[in-house]
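Chains A and B, in that order, give the protein sequences. According to my numbering, the first sequence is numbered sequentially starting from 1. According to my numbering, the second sequence is numbered sequentially starting from 1001. C-beta: ideal position from N, C-alpha, C; glycine also. Keep in mind that this is a model prediction, so the values were computed, not measured.
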Amino acid sequence: MMLTTATLAIAALAGLQQQQTDTTFAVAANARLRLSNHAGTVRVTGGDQATMRVRATHGSRDHIAITTRGTVIHIEAERDRGMPNFVEYEVTVPRGMAVELDGVETEMTVEGVGGDLSVASVEGGITVRGAGAAVDLNTVEGDISLEGGRGRISVSGVEGTVTVTGARGDLTVETVEGDITLDGVESTNVDLSTVDGDIVYRGTVQDGGRYRLTSHDGDIELGVATGLNATVSVATFDGSFEADPAFRVQISEVRPGRRFSFTLGTGSARVELETFDGEIRLRSR
Amino acid sequence: MTNRHPWMARLSEYVDGELPADERLALERHLETCADCRATVTQLGRVRDLAGTLADREPPRDLWPGIEARIGGAARVLPFGRRWTLTMPQLAAAAALMIVVGAGGAALALRGTGTPVAGPVAVVAPSGDPTVIPATAGAASYDQAVTSLGRVLTEHRDRLDPATVRVLEQSLQTIDRAIARAQEALATDPNDAYLSAHLAETMRQKLNLMRRAAALVAAS
Chain A
1 MMLTTATLAI
11 AALAGLQQQQ
21 TDTTFAVAAN
31 ARLRLSNHAG
41 TVRVTGGDQA
51 TMRVRATHGS
61 RDHIAITTRG
71 TVIHIEAERD
81 RGMPNFVEYE
91 VTVPRGMAVE
101 LDGVETEMTV
111 EGVGGDLSVA
121 SVEGGITVRG
131 AGAAVDLNTV
141 EGDISLEGGR
151 GRISVSGVEG
161 TVTVTGARGD
171 LTVETVEGDI
181 TLDGVESTNV
191 DLSTVDGDIV
201 YRGTVQDGGR
211 YRLTSHDGDI
221 ELGVATGLNA
231 TVSVATFDGS
241 FEADPAFRVQ
251 ISEVRPGRRF
261 SFTLGTGSAR
271 VELETFDGEI
281 RLRSR
Chain B
1001 MTNRHPWMAR
1011 LSEYVDGELP
1021 ADERLALERH
1031 LETCADCRAT
1041 VTQLGRVRDL
1051 AGTLADREPP
1061 RDLWPGIEAR
1071 IGGAARVLPF
1081 GRRWTLTMPQ
1091 LAAAAALMIV
1101 VGAGGAALAL
1111 RGTGTPVAGP
1121 VAVVAPSGDP
1131 TVIPATAGAA
1141 SYDQAVTSLG
1151 RVLTEHRDRL
1161 DPATVRVLEQ
1171 SLQTIDRAIA
1181 RAQEALATDP
1191 NDAYLSAHLA
1201 ETMRQKLNLM
1211 RRAAALVAAS
């Protein structure tokens, strides 16, 4: 949001005149959206109509090019000379449409889109609500928030927090400097890693599943219901471990300060909790 | 150490499913009581999985001549499914070098098709077969890949927004500190499976970030 405000202020100072584009057109059932926006904001919302509506606020010397190649609908601002300025998009698409967004200095928001979703920015946060299929989110600087998602879910940041709620599927989340929080997740395959940040996973640990939570400098918290069947491996160099008494943890192997493991129930799932320097907590919920 | 981990030298065969049934059962009995060997098996599995991912990442064909010229006859082909012969101390470098091909590809994309990047050690031939220099070259090749990518980023940093450069450099410094701490810890206990795995993971994260950064530069 700071980015948006700052860029708008710069545009205002430069005396750039803003122009509106607003167009609606029918789209095929198998159509995909690919939208590029170098700087500005993008908001994509899933709707009930088999149409796409594109509203854009942009500089008077820019125009919004909408082209179709095969089943892919491309949207991008163009200018006869130079790079287009800041553009604010609001796009409504059929709910099941696959959507691919990319930008550089761009804040991205997607709501109620049920198709596959790919969003990439460099300087800008990503917010997704009501995702219904596979999700791939990627940014360098900015927070990432995902609600929903089914199937293969991949989230990659560098500096910023990552929050995922209500996802169902295989999850891979990686960042460098930032916390990772997963809540209400149902998955049999979870891989979460950060270098400098805490990791919290609150969700299910299902029989036969694999769950890997690793940090270098940060705490790890696994919040699950008691009664799970898991072989839990815990490793830390300069940290600590604690478990709620409800789990009745009996550590079977111990190497002080390094790695130990224990079995809960049948031990069917594999859980790895590792932090070089931080607390590792097993919480009941 | 040898007595505590009698199966260490055979773990890669186990991961590849090449142990005879009686030896496999005996090893699995050992795994039930040995966290170090279980961790090593997990790491070997990850290396294998990473290599499996690489098999799908075919570099653009116009990059191949430069890569091929660089590796020359030194490379040997390890068709997928071949046995990995990695020892514990090699795991850190091995896991990291598995993504060097991506790093090298990004660097090549920036330098043009005619200039080979220094020292890619794991590449994917147009046929899809992975070509791998022996794992003993891993640490040096990792350093070469990091140096090469770092040079590219330094030379072309003006292509990126200063704020992005700041974030990338700050994050790389964070990872470097983590690597240094892991190396210090490993120096005090070279046979610790967790520390080896942690160092490998952190090195992989550094290469992954540098590759992403180079890709950003190339796309800008």
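Residues sharing a beta bridge with residue i, DSSP
i: residue 211 (chain A); result: A:190, A:271
i: residue 137 (chain A); result: A:119, A:155
i: residue 48 (chain A); result: None, per the DSSP bridge assignment.
i: residue 106 (chain A); result: A:40
i: residue 70 (chain A); result: DSSP output for residue 70 (chain A) lists no bridge partner at all.
i: residue 165 (chain A); result: A:147, A:183
i: residue 222 (chain A); result: A:201, A:282
i: residue 263 (chain A); result: A:231
i: residue 304 (chain A); result: Nothing about residue 304 (chain A) can be reported from this structure: the residues present for chain A run from 1 to 285 only.
i: residue 35 (chain A); result: A:75, A:101
i: residue 59 (chain A); result: A:18
i: residue 174 (chain A); result: A:156, A:193
i: residue 217 (chain A); result: A:277
Unbroken alpha helix (DSSP H) run spanning residue i, endpoints
i: residue 20 (chain A); result: Counting along the chain, residue 20 (chain A) falls outside any alpha helix (DSSP H), though it belongs to the beta strand (DSSP E) covering 18 to 26.
i: residue 1201 (chain B); result: 1193 to 1219
i: residue 1029 (chain B); result: 1021 to 1031
Assumed close pair residue i, residue j - CB separation to whole angstroms, cut-off 8 Å
i: residue 234 (chain A); j: residue 273 (chain A); result: 5 Å
i: residue 227 (chain A); j: residue 269 (chain A); result: Contact doesn't hold; Cβ gap of about 12 Å is too wide.
i: residue 157 (chain A); j: residue 139 (chain A); result: 6 Å
i: residue 247 (chain A); j: residue 282 (chain A); result: 6 Å
i: residue 1217 (chain B); j: residue 1153 (chain B); result: 7 Å
i: residue 41 (chain A); j: residue 89 (chain A); result: 7 Å
i: residue 1178 (chain B); j: residue 195 (chain A); result: 5 Å
i: residue 102 (chain A); j: residue 193 (chain A); result: About 24 Å; that fails the 8 Å criterion.
i: residue 1160 (chain B); j: residue 1220 (chain B); result: 6 Å
i: residue 155 (chain A); j: residue 211 (chain A); result: That pair is no contact at about 16 Å.
Proximity of residue i and residue j at Cβ, strictly below 8 Å
i: residue 218 (chain A); j: residue 191 (chain A); result: no
i: residue 32 (chain A); j: residue 83 (chain A); result: no
i: residue 17 (chain A); j: residue 60 (chain A); result: yes
i: residue 125 (chain A); j: residue 153 (chain A); result: no
i: residue 57 (chain A); j: residue 25 (chain A); result: no
i: residue 129 (chain A); j: residue 111 (chain A); result: yes
i: residue 93 (chain A); j: residue 44 (chain A); result: yes
i: residue 229 (chain A); j: residue 278 (chain A); result: no
i: residue 1182 (chain B); j: residue 1156 (chain B); result: no
i: residue 1011 (chain B); j: residue 1034 (chain B); result: no
i: residue 215 (chain A); j: residue 275 (chain A); result: yes
i: residue 73 (chain A); j: residue 27 (chain A); result: yes
i: residue 131 (chain A); j: residue 147 (chain A); result: yes
i: residue 135 (chain A); j: residue 117 (chain A); result: yes
i: residue 187 (chain A); j: residue 232 (chain A); result: no
i: residue 149 (chain A); j: residue 168 (chain A); result: yes
i: residue 91 (chain A); j: residue 54 (chain A); result: yes
i: residue 1203 (chain B); j: residue 1142 (chain B); result: yes
i: residue 286 (chain A); j: residue 1021 (chain B); result: The first residue shown for chain A is 1 and the last is 285, placing residue 286 (chain A) beyond what the model contains.
i: residue 205 (chain A); j: residue 176 (chain A); result: no
i: residue 1015 (chain B); j: residue 1031 (chain B); result: no
i: residue 1163 (chain B); j: residue 1207 (chain B); result: no
i: residue 338 (chain A); j: residue 34 (chain A); result: The structure shown does not extend to residue 338 (chain A), since chain A is modelled only from 1 through 285, so no value can be given for it.
i: residue 95 (chain A); j: residue 46 (chain A); result: yes
i: residue 237 (chain A); j: residue 1187 (chain B); result: no
N-terminal and C-terminal residue of the beta strand (DSSP E) that residue i is part of
i: residue 1178 (chain B); result: Note, residue 1178 (chain B): premise wrong, no beta strand (DSSP E); alpha helix (DSSP H) at 1162 to 1188.
i: residue 113 (chain A); result: No beta strand (DSSP E) holds residue 113 (chain A); DSSP gives it neither H nor E.
i: residue 92 (chain A); result: 87 to 94
i: residue 130 (chain A); result: 126 to 131
Any non-hydrogen atom of the ligand HEM within 7 Å of residue i CB
i: residue 251 (chain A); result: The ligand HEM is not part of the structure shown, which contains no ligands of any sort.
Between the region 245 to 276 of chain A and chain B, which residues of the former have CB atoms less than 8 Å from a CB of the latter, in chain order? Sequence-ordered contacts of the region 245 to 276 of chain A with chain B read 253, 255, 258, 259, 260, 261, 272, 274, 276 [C-beta pairs closer than 8 Å].
Between the region 1195 to 1218 of chain B and chain A, which residues of the former have CB atoms less than 7 Å from a CB of the latter, in chain order? Flagged, chain order: 1195, 1198, 1201, 1202, 1205, 1209, 1216.
Could you run through the region 1167 to 1182 of chain B and flag, in chain order, every residue whose CB is less than 8 Å away from some CB of chain A? So the close ones are 1167, 1168, 1170, 1171, 1174, 1175, 1178, 1181, 1182.
When you check each C-beta in the region 1022 to 1040 of chain B against every C-beta of chain A, which residues fall closer than 9 Å? Answer set for the region 1022 to 1040 of chain B: 1033, 1034, 1035, 1036, 1038, 1039.
Identify each residue in the region 107 to 132 of chain A for which the Cβ-Cβ distance to at least one residue of chain B is less than 7 Å, and report them in chain order. Among the residues of the region 107 to 132 of chain A, those with a Cβ less than 7 Å away from any Cβ of chain B are 122, 123, in the order of the chain.
Given a limit of 7 Å on CB to CB distance, which residues of the region 134 to 159 of chain A reach chain B? Flagged, chain order: 140, 141, 158, 159.
What are the residues of the region 208 to 227 of chain A that lie near chain B, defined by any Cβ-Cβ distance shorter than 8 Å? Result list: 214, 216, 217.
Between the region 188 to 203 of chain A and chain B, which residues of the former have CB atoms less than 8 Å from a CB of the latter, in chain order? Correct list: 193, 195, 196.
Could you run through the region 162 to 190 of chain A and flag, in chain order, every residue whose CB is less than 7 Å away from some CB of chain B? Residues of the region 162 to 190 of chain A that bring their beta carbon within less than 7 Å of a beta carbon in chain B comprise 176, 177, in sequence order.
Under 7 Å, CB to CB, which of the residues in the region 1146 to 1167 of chain B have a partner in chain A? Those would be 1161, 1163, 1164, 1167, in chain order.
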